[in-house]
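Some notes on the structure that comes next.
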Amino acid sequence: MLVVDEVSMVYRPPRGPARFVVRTSATEPVEALRRVSLEVERGEIVALVGPNGAGKSTLIRAITTLLRPTSGEVRLDGRRVDPDDPAIRARFGLALPDDRSHYWRLTGRQNLELHAALLGIPADVARRRIDTLMEARGLAHRDKRVFGYSSGMRAQLAIARALLHDPDLVVLDEPTRSLDPVAAAAVCADLGDLARAGHAVLMATHRLDEVLETADRLVVLAGGEVRWTGRPPELAA
């Protein structure tokens with residue numbers, strides 16, 4: 042399904058006039074990812090774990106075309122994932138812990154309606170799907186503008202948006218970071234349901250308790266490199 046093949050990401054400090062526009066203290070290139078390889082199969086949940094700065098979020102952005110890797114490539118069913126290929130991009134859903142990804146002046150429902158329109162989902166199909174997702178994510182009776190949402194509600198909205206078009210691959214960066222334990226457990230249960238339905242799931246998280254119960258495989262990142270890959274019982278042993 043998903044193959045990440047020796048992906049590296051190097052951030053280079055701005056040169057010339059760009060130095061006055063881009064604010065950074067870096068004076069030398071920073072290697073955020075170093076020849077990272079992993080696979081995620083259909084029906085499987087793979088968790089990326091590691092400390093802050095390990096490269097988890099950078100890797101997720103490289104996989105989902107938000108960043109273009111310096112070297113290496115990402116493939117989905119053998120087809121190279123290209124930022125300029127909307128057909129391949131439509132095959133994955135992405136949930137980021139970034140409030141800026143929502144339109145705050147729109148309601149939660151309007152955010153999902155807009156996203157459905159951008160994806161080309163027919164209005165009647167989108168309406169039913171949005172109703173189902175808002176109910177499942179606990180947002181059905183909280184249809185107010187997103188700037189009035191709590192951080193947990195915005196996280197739930199991001200997950201709903203990622204699932205809106207029933208993607209083959211679901212990619213989530215810290216999906217339970219802003220959720221209480223009950224809501225976090227519900228999200229993990231839903232991810233299990235997605236995997237059992239044949240979807241591939243890749244999630245980044247700090248919470249080992251979650252991955253030990255939810256993930257089929259773990260990929261441990263540190264310093265931009267894969268340090269260990271295996272199944273949760275092996276890590277707990």
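Residue 42 is where the sequence shown starts when you use this note's numbering, and the numbers rise one by one after that. For each residue, glycine too, the CB sits at the ideal point set by N, CA and C. These numbers were taken from a predicted model, which means no experiment stands behind them.
Quiz prompt | Selected residue, minimal CA-CA separation from Pro70, among Ile86, Leu249, Glu80, Tyr52 | solution = Tyr52
Practice problem: Apply the 10 Å Cβ neighbour rule to Pro216 and answer buried if 16 or more other Cβ atoms are within range, or exposed otherwise. | Solution: buried
Quiz item: Would you report the Cα separation of Ala196 and Pro163, rounded to the nearest angstrom?
Solution: 25 Å
Exercise. Just mark Asn93 as buried or exposed, buried being the case when its beta carbon has 16 or more other beta carbons within 10 Å.
Key: exposed
Practice problem: Count the other C-beta atoms from every protein chain shown that fall within 10 angstroms of the C-beta of Gly91, then say buried if there are 16 or more, exposed otherwise. | Solution: buried
Practice problem: Assign Ser219 to one of three DSSP states: helix, strand, or coil. | Solution: Note: Ser219 maps to coil in three-state DSSP.
Practice problem: Determine, using beta carbons only, whether His156 comes closer than 9 Å to chain B. | Solution: Among the chains of the structure shown, chain B does not appear; only one protein chain is present.
Practice problem: Report the three-state DSSP secondary structure of Gly280 (helix, strand or coil). | Solution: Residue 280 lies beyond the stretch modelled for the chain, which goes from 42 to 278, so this question has no answer here.
Exercise. Taking all protein chains shown into account, decide if Gly189 is buried (16 or more other Cβ within 10 angstroms of its Cβ) or exposed.
Key: exposed
Practice problem: Note the first and the last residue of the continuous alpha helix (DSSP H) segment covering Leu249. | Solution: It spans 249–255 - the alpha helix (DSSP H) in which Leu249 sits, taken as one unbroken run.
Self-check item: Under the three-state DSSP convention, the category Val122 falls into
Solution: coil
Self-check item: Cβ-Cβ separation, Ala128 to Gly213 (assumed contact under 8 Å), whole Å
Solution: The sequence shown places Leu at residue 213, rather than the Gly named in the question. The pair is not a contact, with the Cβ atoms about 22 Å apart (cut-off 8 Å).
Quiz item: Cα separation between Gly239 and Ala181?
Solution: 26 Å
Quiz item: What does a CB cutoff of less than 7 Å around Asp184 pick up in its chain, not counting 5 residues either side in sequence?
Solution: Thr148, Gly149, Arg150, listed in sequence order.
Quiz item: Ends of the alpha helix (DSSP H) at Arg130?
Solution: Start and end: 127–130.
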